[in-house]
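Here the UniProt record's numbering is used: the first residue of the sequence shown is 1, the next is one more, and so on.
Quick reminder that beta carbons are idealized off the backbone N, C-alpha and C, glycines included.
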Amino acid sequence: GEDRRADFWCDIRKADLYPIGWCEQNKKTLEAPEGIRDKVSDWDEFLRQTLMGACSPPVPLLEGLRNGRNPLDLIAPGSRLECQDFRDSLSTWIVTVVENIGGRLKLRYEGLESSDNFEHWLYYLDPFLHHVGWAAQQGYELQPPSAIRHLKNEAEWQQEILAKVKEEEEEEPLPSYLFKDKQVISTHSFSVNMKLEAVDPWSPFEISPATVVKVFDEKYFLVEMDDLRPENHARRSFVCHADSSGIFPVQWSLKNGLHISPPPGYPGQDFDWADYLKQCGAEAAPQRCFPP
């Protein structure tokens, strides 16, 4: 109500605060403080009505604050997460946090050592990073990314490394609420063979023509940088979603006064989208495929 006489301030890092239901779980008596005990005749009924549908902070959050820790600091070195394969979004593998600098995480694939040189950085809210258990919830497969799969045999990956991780993570996994502010992946409308412009991940100062070469599901698709050279060169592909920041509609560079680099093997330096689409027999991804 409007009577604020019972309100008080406290330091959440020092006060003995617990989530709703803690008293019942720990066989403690829940009763009103003496100063307001006579305000309500039936406290049991009052609490039943007041707490119906109430939302309480998770236990790890309150415990972390009492220990003087920012919730983000719960992602400490040694913590585990799941990371989608950047070339096959339906595959996911466990990563271990090596370092956490303000939410920017240095990650190492589970089963590897620092000497294997496969560590990488991601922000903790990156769309490809998830709490342990996410892949199972989505029906995705836990398997090492293609870039490291050859380093061990199938039995080592699945029976030794993955089994060990599952056993250890049952004890104290990172809470999923830490990732509640992560971007929700929108449904895309791309289809195979659509052309677009993309920032080249292997040369991030260049924007070049690219093609949708595979659609994984309604959220993810594979983009490959166009390359007109003979087949014996390495393909450069990466997984995208509708809101990926490095992909743009055809002619985006021209409209924004930026240079577009022709694909390797393209005759000449002056790239023309109309001629290129005709030459490839392809269609440009329509504007509706991209965020407004």
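Same chain, Cβ closer than 6 Å to residue i, neighbours up to 5 away in sequence not counted
i, result
"Ser-261", "Glu-206 and Ser-208"
"Tyr-140", "Leu-90 and Thr-92"
"Arg-229", "Pro-264 and Gly-265"
"Arg-4", "none"
Buried versus exposed, by CB contacts within 10 Å (16 or more), residue i
i, result
"Thr-211", "buried"
"Leu-125", "exposed"
"Phe-248", "buried"
"Glu-197", "buried"
"Gly-111", "buried"
"Phe-8", "exposed"
"Ile-161", "buried"
"Leu-105", "buried"
Own chain partners of residue i with C-beta closer than 8 Å, once the 5 adjacent residues on each side are dropped
i, result
"Val-40", "Ala-32 and Phe-46"
"Phe-86", "Phe-128, Pro-145, Phe-238 and Val-239"
"Lys-219", "Ser-89, Ile-185, Ser-186, Thr-187, His-188, His-241 and Ala-242"
Straight-line Cα distance separating residue j from residue i
i, j, result
"Pro-286", "Leu-90", "25 Å"
"Gly-246", "Ala-282", "21 Å"
"Lys-182", "Cys-55", "20 Å"
"Arg-48", "Trp-157", "50 Å"
"Leu-93", "Pro-204", "Per the sequence shown, the amino acid found at residue 93 is Trp instead of Leu. When rounded, the distance between both Cα atoms is 26 Å."
"Asp-275", "Asp-227", "16 Å"
"Ser-114", "Arg-108", "8 Å"
"Arg-66", "Pro-57", "The predicted model places Arg-66 with a pLDDT of 48, which falls under 50 and marks its position as unreliable; any figure quoted below should be read in that light. Going from the Cα of Arg-66 to the Cα of Pro-57 covers about 13 Å."
"Gly-152", "Arg-235", "In the sequence under discussion, the amino acid at residue 152 is Lys, which differs from the Gly named in the question. Approximately 24 Å, taken between the alpha carbons."
"Asn-117", "Pro-264", "29 Å"
"Ile-148", "Glu-119", "11 Å"
"Phe-290", "Gly-21", "46 Å"
"His-188", "Asp-270", "31 Å"
"Asp-200", "Leu-254", "17 Å"
"Arg-37", "Gln-25", "23 Å"
"Ala-284", "Lys-278", "11 Å"
"Gln-143", "Leu-17", "41 Å"
"Lys-27", "Val-95", "39 Å"
"Asn-256", "His-233", "31 Å"
"Gly-268", "Ala-163", "54 Å"
Selection from the options that minimises the alpha carbon distance to residue i
i, options, result
"Ile-185", "Trp-202, Cys-240 and His-233", "Cys-240"
"Lys-180", "Ala-135, His-131, Glu-154 and Leu-151", "His-131"
"Asp-88", "Cys-280, Pro-267, Ala-274 and Ser-237", "Ser-237"
"Ala-136", "Val-223, Gly-102, Glu-82 and Arg-108", "Glu-82"
"Trp-273", "Tyr-266, Gln-251 and Gly-257", "Gln-251"
"Asn-100", "Asn-117, Glu-160, Lys-278 and Pro-77", "Pro-77"
"Gln-84", "Leu-222, Asp-73 and Cys-23", "Leu-222"
"Trp-202", "Met-225, Thr-187, Lys-27 and His-188", "Met-225"
"Ile-75", "Gln-279, Glu-24, His-233 and Leu-178", "Leu-178"
"Asp-73", "Gln-25, Gly-102, His-233 and Met-52", "Gly-102"
"Glu-167", "Ala-284, Gly-133 and His-150", "Gly-133"
"Pro-292", "Ser-244, Arg-104 and Leu-122", "Ser-244"
"Glu-34", "Arg-288, Trp-43 and Thr-50", "Trp-43"
Same chain, Cβ closer than 7 Å to residue i, neighbours up to 5 away in sequence not counted
i, result
"Ser-79", "Val-97 and Leu-174"
"Ser-176", "His-131"
Meets three-Cβ-pair contact criterion under 8 Å: the stretch 181-200 and the stretch 214-227: yes
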